[in-house]
């Protein structure tokens with residue numbers, strides 16, 4: 003008998019497409035200002051062979067009445083409590099941009115608790131032990147929005163309606179604060195494989211910066227570079243899905 007989901011599970015974790023029984027789970031964590039819906043195309047590309055689960059952070063869309071988290075640790079702590087320790091189905095983590103460091107901290111917590119992770123995918127994010135990049139969360143709204151536009155993520159915001167944009171800004175600022183104040187604390191390296199994926203023209207993340215994720219694990223680490231910028235994934239869903247199938251050991255329509 004399947005145990006009931008922990009309280010708050012459906013607020014945090016969304017499933018867009020059904021998956022076959024015992025399909026490996028891929029928990030996807032979005033970027034600053036992002037939502038679970040960012041991973042809808044990837045869910046369609048991998049279903050039903052991979053159970054794509056996407057995280058909806060508090061403070062946005064249907065969770066806009068909740069305070070947004072202001073630290074990566076807060077997000078990772080909340081998520082580790084929501085994952086059923088009795089579910090032995092393989093669990094991989096995919097984090098895009100800010101989501102990559104949230105996924106990293108979540109993987110650390112899971113492994114420390116004896117709950118193995120099958121794969122960590124760090125997308126569009128420099129290695130967590132590199133020096134921090136520029137900071138915007140303490141600046142005005144215009145500076146934050148200009149940085150979002152520079153990265154190519156303006157499509158995730160509702161600029162056509164000033165009232166909606168005003169509602170989106172507090173969560174965006176909180177996300178920027180969370181990722182910009184994050185520092186990876188010393189800890190034993192992960193034991194899971196790591197795949198770092200980035201866009202060749204990302205203004206924030208060079209291929210060398212993305213390759214620095216190899217330092218976080220004792221298992222094999224690899225780097226994949228795609229055409230495009232910080233949001234390369236929007237145009238490369240099929241290619242990334244194929245890489246994920248290979249890394250997870252599944253094939254289309256055939257399971258493992």
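Numbering (the working numbering), first residue to last: 3 to 258. We put the beta carbon where it would ideally sit given N, CA and C, even for glycine.
Original post:
Of the choices 38, 50, 12 and 99, whose alpha-carbon is the least far from that of residue 21?
Top reply: On the chain shown, residue 21 is found 19 positions in, with the first residue counted as 1. The residue with the shortest Cα to Cα distance from residue 21 is 50.
Original post:
Enumerated in chain order, which unbroken segments of the beta strand (DSSP E) with a length of 3 residues or greater are wholly contained in the segment 176 to 205?
Top reply: Counting whole runs of 3 or more residues, the segment 176 to 205 contains the beta strand (DSSP E) stretches 196 to 201.
Original post:
So what's residue 266 in DSSP terms, helix, strand or just coil?
Top reply: Given that the chain is displayed from residue 3 to residue 258, the structure contains no residue 266 and the question cannot be resolved.
Subject >> CA nearest to the CA of residue 244, picked from 92, 45 and 101 >> reply: For the purposes of this step, residue 244 is taken as residue 242 along the chain shown, with counting starting at 1. Comparing Cα positions, the closest option is 45.
Original post:
On the three-state DSSP scale, how would you describe residue 269?
Top reply: Here the chain covers residues 3 to 258 and nothing more, so residue 269 does not appear.
Original post:
How many angstroms separate the CA atom of residue 239 from the CA atom of residue 201?
Top reply: Residue 239 sits at position 237 when you count from the first residue of the chain shown. Residue 201 sits at position 199 when you count from the first residue of the chain shown. Near 13 angstroms, if we compare the C-alpha coordinates of residue 201 and residue 239.
**OP:** Spatial neighbours of residue 104 within its chain, please: CB distance less than 7 angstroms, with the 5 preceding and 5 following residues excluded, ordered by chain position.
**Re:** Taking the first residue of the chain shown as 1, we reach residue 104 at position 102. Taken in chain order, the residues that qualify are 31, 74, 77, 78 and 97.
Subject >> residue 89 versus residue 226 - alpha carbon distance >> reply: Position 87 of the chain shown holds residue 89. Position 224 of the chain shown holds residue 226. Each residue's alpha carbon lies about 30 angstroms from the other.
Original post:
Which residues mark the beginning and the end of the beta strand (DSSP E) in which residue 27 is found?
Top reply: In the chain shown, the residue the question calls residue 27 occupies position 25. Where residue 27 is concerned, the enclosing beta strand (DSSP E) stretches over 27 to 31.
**OP:** Starting from the C-beta of residue 109, find all residues in its chain whose C-beta is less than 7 angstroms away, skip the five residues before and the five after it, and write them out in chain order.
**Re:** Counting from 1 along the chain shown, the entry for residue 109 is found at position 107. Only 95, 119, 122, 192 and 194 meet the Cβ criterion.
Original post:
When the Cα atoms are used, what is the spatial distance from residue 176 to residue 37?
Top reply: One-based indexing of the chain shown puts residue 176 at position 174. One-based indexing of the chain shown puts residue 37 at position 35. Here the alpha carbon of residue 176 sits roughly 14 angstroms from the alpha carbon of residue 37.
Original post:
Measuring CB to CB, does residue 52 end up less than 7 angstroms from residue 128?
Top reply: Counting from 1 along the chain shown, the entry for residue 52 is found at position 50. Counting from 1 along the chain shown, the entry for residue 128 is found at position 126. Contact annotation: residue 52 and residue 128 have beta-carbon atoms that are not nearer than 7 angstroms.
Original post:
Beta carbon of residue 100, beta carbon of residue 11: below 7 angstroms?
Top reply: In the chain shown, counting from the first residue as 1, residue 100 sits at position 98. In the chain shown, counting from the first residue as 1, residue 11 sits at position 9. With respect to residue 11, residue 100 sits apart: the two C-beta atoms are not nearer than 7 angstroms.
Subject >> Enclosing beta strand (DSSP E) for residue 56 [first to last residue] >> reply: Mapped onto the chain shown, residue 56 falls at position 54. First-last of the beta strand (DSSP E) with residue 56: 53 to 57.
Original post:
Roughly how many angstroms separate the alpha carbons of residue 67 and residue 61, rounded to a whole number?
Top reply: Against the chain shown, residue 67 aligns to sequence position 65. Against the chain shown, residue 61 aligns to sequence position 59. Annotation: residue 67 to residue 61 spans about 6 angstroms, alpha carbon to alpha carbon.
Subject >> Member of 48, 170 and 154 whose CA lies at the smallest distance from the CA of residue 232 >> reply: For the purposes of this step, residue 232 is taken as the residue at position 230 of the chain shown. Selected option, being the one with the closest Cα: 154.
Subject >> Cross-strand partners of residue 227 (DSSP beta bridge) >> reply: Within the chain shown, numbered from 1, the residue matching residue 227 stands at position 225. According to DSSP, residue 227 bridges with 200.
**OP:** Quick one: measure Cβ to Cβ for residue 18 and residue 54, integer angstroms, because I've assumed they're closer than 8 angstroms.
**Re:** As a first step, residue 18 must be located in the chain shown, where it is residue number 16. As a first step, residue 54 must be located in the chain shown, where it is residue number 52. The Cβ separation is near 7 angstroms, so the contact holds.
Original post:
Would you say residue 224 and residue 197 are within 7 angstroms of each other, going by their C-beta atoms?
Top reply: As a position in the chain shown, residue 224 is number 222, starting the count at 1. As a position in the chain shown, residue 197 is number 195, starting the count at 1. Pairing residue 224 with residue 197 gives a Cβ-Cβ distance under 7 angstroms.
Original post:
From this set, 40, 212 and 93, which residue's C-alpha is nearest residue 29's C-alpha?
Top reply: The residue you call residue 29 lines up with position 27 of the chain shown. 93 is the residue among 40, 212 and 93 whose C-alpha sits nearest the C-alpha of residue 29.
Original post:
Tell me which same chain residues have a C-beta within less than 7 angstroms of the C-beta of residue 211, skipping the five on either side of it?
Top reply: Here the question's residue 211 lines up with position 209 in the chain shown. Exclusion of the five residues before and after residue 211 leaves 128, 129 and 132 as the residues of its chain whose Cβ lies within less than 7 angstroms of its Cβ.
Original post:
If you follow the alpha helix (DSSP H) that residue 45 is part of, which residue opens it and which one closes it?
Top reply: Here the question's residue 45 lines up with position 43 in the chain shown. Element bounds for residue 45: 42 to 48.
Original post:
Can you round the beta-carbon distance between residue 125 and residue 235 to whole angstroms, since I take them to be within the 8 angstroms contact cut?
Top reply: Along the chain shown, one-based indexing puts residue 125 at 123. Along the chain shown, one-based indexing puts residue 235 at 233. Right, the Cβ-Cβ distance comes to about 7 angstroms (below 8 angstroms), so this counts as a contact.
**OP:** Using alpha carbons as the reference points, say which of 41, 151, 190 and 25 lies closest to residue 204.
**Re:** Here the question's residue 204 lines up with position 202 in the chain shown. Among 41, 151, 190 and 25, the Cα nearest to that of residue 204 belongs to 151.
Subject >> Through-space distance from residue 242 to residue 41, alpha-carbon basis >> reply: Within the chain shown, the letter at position 39 stands for residue 41. Within the chain shown, the letter at position 240 stands for residue 242. One C-alpha to the other measures close to 12 angstroms.
Original post:
CA-CA distance, residue 27 and residue 135?
Top reply: Locating residue 27 in the chain shown gives position 25, counting from the first residue. Locating residue 135 in the chain shown gives position 133, counting from the first residue. Using only the alpha carbons, I get a separation of about 31 angstroms.
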